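Residue numbers (my numbering): 54 to 195. Right, one structure below, let's go through it.
Quick look at the structure:
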């Protein structure tokens, strides 16, 4: 069996957990996650952890925010006047919405604060600033 190297197509089964043990994602009950090693398709910390592994190998790795979804960026929060948001848009805390940037890109945001005059939206990834642990097994390498 060959060891994983950059450019290989890799399939893994995995479970991702937070520091408190809560599962945030898992391939359990689904097809394995498939990606090309070294291509940037998965977070850097997990990508780096697979090199030199072989089919059947298992590993647990804890990844710091800088090799996952980054630190929380306070500049990624924006207060929007409430009247600029259509009345039919739900504004419950935690609601995921999409905004369009001035360049026309669609960006996911989360409602994090609502007052009578403003709605604060957060464009940080939900896992930004968090240390992530992945337990995974290499299923195949091509």
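Built from N, CA and C at the ideal position, the CB exists for glycine as well. In this text, all values refer to a predicted model and were calculated from it rather than measured experimentally.
Output the distance between the C-alpha atoms of residue i and residue j, rounded to the nearest integer angstrom.
i	j	result
residue 90	residue 63	7 Å
residue 132	residue 167	9 Å
residue 123	residue 157	24 Å
residue 96	residue 151	23 Å
residue 159	residue 176	11 Å
residue 180	residue 78	11 Å
residue 187	residue 67	6 Å
residue 142	residue 58	47 Å
residue 74	residue 83	21 Å
With DSSP run on the structure shown, which of helix, strand or coil describes residue i?
i	result
residue 166	strand
residue 100	helix
residue 143	coil
residue 24	Residue numbering for the chain in the displayed model covers 54 to 195; residue 24 lies beyond these limits and cannot be assessed.
residue 130	strand
residue 155	coil
Who are the Cβ neighbours of residue i in its own chain at under 6 Å, not counting the five residues just before and after it?
i	result
residue 98	116, 120 and 121
residue 87	64
Does the Cβ of residue i have 16 or more other Cβ atoms within 10 Å, making it buried, or fewer, making it exposed?
i	result
residue 106	buried
residue 126	exposed
residue 174	buried
residue 145	exposed
Report the option in the options whose CA atom is closest to the CA atom of residue i.
i	options	result
residue 129	67, 59 and 164	164
residue 70	191, 192 and 185	185
Give every residue of the same chain whose Cβ lies closer than 8 Å to the Cβ of residue i, excluding the five residues on either side of it in the sequence, and list them in chain order.
i	result
residue 178	122 and 123
residue 169	135
residue 108	54, 191, 192, 193 and 194
Can you name, in chain order, every residue of its own chain whose Cβ lies under 7 Å from the Cβ of residue i, other than the five neighbours on each side?
i	result
residue 112	102, 106 and 189
Is residue i near the ligand SAM - that is, is its Cβ less than 7 Å away from at least one heavy atom of it?
i	result
residue 58	The ligand SAM is not among the ligands present in this structure, which contains no ligands whatsoever.
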